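Below you'll find the structure, written out as structure tokens, and then a few comments.
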Amino acid sequence: GAKVAPEAPEVGMSATHCTGLNYTKGGSDPELGPDSDYPDWLWELTKPKKTLTMLEKEMAAAKLVVPVRYDIIEYADLKRLMKLRRRNKIKANNAARAKK
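So this is what it looks like as structure tokens:
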């Protein structure tokens, strides 16, 4: 007969423990501390990243300033813009090759 997959344990999020972080057999999930115990960069991870369209608009605005000033855009945003442009170009090339 057909095999029945074992039921996965239900994982619920907890406000007091870091659910799913335990990796030891028979252990428990670690308890969460106050927000002040964690580094500031951790909270930046939850913020959505800028999209290609948003970054293109920022770049266009920087080019409108005379003389052109690229220091208006943050270095991290400039790197992300180049990465997203590169990714789109690769995807377009792959799609064009697939049609042949």
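Using our numbering, the first residue of the sequence shown is number 146, and each one after it goes up by one. Glycine included, C-beta positions come from ideal geometry on N, C-alpha and C. Source: prediction; values computed, not measured.
Given A199 as reference, the closest of D216, R225 and P184 once Cα atoms are compared: According to the sequence as given, residue 199 is Met; it is not Ala. When only C-alpha atoms are compared, the closest one is R225.
C-beta atoms of A207 and I218 nearer than 8 Å: yes
E222 and K195 closer than 8 Å at C-beta: Note that residue 222 corresponds to Asp in the displayed sequence, not to Glu. In contact: D222 and K195 (Cβ atoms closer than 8 Å).
Inter-residue Cα distance where the pair is K202 and K236: 22 Å
G157 and T164 closer than 8 Å at C-beta: yes
Where E219 falls: helix, strand or coil (DSSP): coil
Beta bridge counterpart(s) of E201 as assigned by DSSP: DSSP, once it has assigned bridges, lists no residue as partnering E201.
Pairwise C-alpha distance: R230 and A241: 17 Å
Candidates N233, T161 and A243: closest to P179 by CA position: T161
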